[in-house]
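Each step along the sequence shown adds one to the number in the UniProt record's numbering, with nothing skipped, and position 84 is 84.
Glycine included, C-beta positions come from ideal geometry on N, C-alpha and C.
Keep in mind the model is a prediction, meaning the values are calculated, not measured.
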Amino acid sequence: MSAEQRLRGVRCGILTASERVSRGQGKNESGQYLAQTVGAEGGEVIAHVVVPDDVEMIAKTLADMADTLKVDLVLTTGGSGVAPRDVTPEATLRVIERQVPGIPEAARVATAASAPLAMVSRAIAGIRGRTLIVNLPGSPRGVREWMAVILPVLRHTVELLRETPLEWGREHKP
C-alpha cells in the first residue's frame, strides 16, 4: 500500500485540547497538522474540535465522536503532559473500555532520544466500542514525530476493531 493510502477509508475525529486555542489566542498548528496528515494518508476527517483543558468537555467530545459520529479513529493533541491543566489522559480514561498501551509506549521510546520531554508524556491510547482513541503531544514537533511512529499500525488496528478478516502476518491492503 502506498504511503499516501495508509488511512484510506478510515473515518477520523481530531480533538485539540488547549485553553489558548479555544479562546482564539493561539494557532491550532498540531490539530491542523493532524488533519492534513489524515487527509494525505487517504483518511476522512469527520470532525475537528477544539476544547479547553476541561476533563468533562474532553470526555464528552471523545464519547460523541465514538458513539454519535461513529469515527474509527480519534487523535487528540494537547493536554497530555504533567502541567496541572493537562487532563486529556484522565478524560480519555473516563470514556475508553480497554487500553492499548503499546501505541504511546512505542512513541515515547522512539522519540525520547531526540526529544527527552517525551519521557514525561502521560498520553494513553484505548478503545471505546469500535473506535481507537490516541492521545498525542500538544507541540507540532511532538505530533509529527509521534505520527511517524504510530501511523504504520493505525489502519491495521482499525481493521481489527471492524472485525475485518485479515491474513495474519501480512499487512492489510484494501
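Would you grab the beta carbon distance between residue i and residue j for me? Rounded to a whole angstrom, and I think it's under 8 angstroms.
i	j	result
Gly-79	Val-50	So it is not a contact: roughly 12 angstroms between Cβ atoms.
Ser-114	Pro-137	Not quite, the Cβ-Cβ distance comes to about 13 angstroms (not below 8 angstroms), so this is no contact.
Val-45	Cys-12	5 angstroms
Nearest to residue i by CA position, among the options, is which residue?
i	options	result
Ala-106	Arg-6, Ile-96, Met-147, Pro-84	Met-147
Gly-102	Arg-11, Ile-133, Ala-91	Ile-133
Ile-96	Lys-60, Thr-37, Leu-154	Lys-60
Thr-37	Ile-14, Ser-18, Arg-20	Ile-14
Val-74	Thr-16, Arg-144, Pro-165, Leu-160	Thr-16
Val-158	Thr-131, Glu-19, Val-149, Val-21	Thr-131
Val-82	Glu-163, Met-119, Gly-9, Leu-154	Met-119
Ala-125	Thr-88, Arg-141, His-48, Val-100	Val-100
Please classify residue i: is it buried, with 16 or more other beta-carbons within 10 angstroms of its beta-carbon, or exposed?
i	result
Gly-129	exposed
Met-65	buried
Arg-68	A small fix is needed here, since residue 68 is Thr in this sequence, not Arg. Exposed: under 16 other Cβ atoms inside 10 Å.
Leu-117	exposed
Pro-152	exposed
Pro-104	buried
Val-21	buried
Beta carbon of residue i: closer than 8 angstroms to some heavy atom of the ligand PLP?
i	result
Leu-151	Summarising the ligand content, the structure contains no ligands, and the ligand PLP is consequently not present.
Point to revise | the stretch 83-96 / the stretch 20-34 touching (three or more Cβ pairs under 8 angstroms) | key: No, because fewer than three Cβ pairs between the stretch 83-96 and the stretch 20-34 fall closer than 8 angstroms, the two stretches do not touch.
Point to revise | Runs of alpha helix (DSSP H) wholly within the UniProt domain "MoaB/Mog" (13-157) (minimum 4 residues, chain order) | key: Qualifying alpha helix (DSSP H) stretches, in chain order: 19-22, 29-40, 55-67, 88-95, 102-112.
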